[in-house]
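J.:
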Amino acid sequence: MSNAQVGDVDDVHPADFIEAKFQGGTVLDFHKYVADHFDTSKASKGKMVASFTISESGEITDIRIVEITTVEAAQEFIRILKAAPKWEPAKKGGKPASMKIKLPLVYN
1 MSNAQVGDVD
11 DVHPADFIEA
21 KFQGGTVLDF
31 HKYVADHFDT
41 SKASKGKMVA
51 SFTISESGEI
61 TDIRIVEITT
71 VEAAQEFIRI
81 LKAAPKWEPA
91 KKGGKPASMK
101 IKLPLVYN
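Be aware that the sequence shown starts at 1, since it is given in the UniProt record's numbering, and climbs by one per residue.
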């Protein structure tokens, strides 16, 4: 069992924008996915923040760790993001659109 937790995501989108969905849910459901899959044996206590894009096809792209504690923890975070299932892409004006996400992860 993992002792990882994720924080809130604060984004503002236009009225005709529908956020990307993770397995039929929201970004909060993806928070749970990341926390459940993070191997805390690869990292000591800390906090990281990743930014990435959900593409128009629902894939996670442009992964960047913008706040890091250790290289091993960052590699584990990237591994989880790369292995994650596809998302239902965001929509703008009824058409698929990319969506940027900043995801904090606290682990101990």
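The beta carbon of each residue, even a glycine, is placed where N, CA and C say it ideally should be.
On a predicted model such as this, the values are computed, not experimentally measured, just so you know.
Return the CA-CA distance between K45 and I18, expressed in angstroms with no decimal places.
T.: 35 Å
J.: Can you list the beta strand (DSSP E) stretches of 3 or more residues lying completely in the segment 24-74, in chain order?
T.: Entirely contained in the segment 24-74, the beta strand (DSSP E) runs reaching 3 residues are, in chain order, 46-54 and 60-67.
J.: On the criterion of 16 or more Cβ atoms from any shown chain inside 10 Å, does A83 qualify as buried, or is it exposed?
T.: exposed
J.: Nearest by alpha-carbon distance to T40: which of K32, A73 and W87 is it?
T.: Answer by Cα proximity: A73.
J.: Name, in chain order, the residues that DSSP records as bridge partners for I18.
T.: For I18, which the question treats as bridged, DSSP gives the partners K91.
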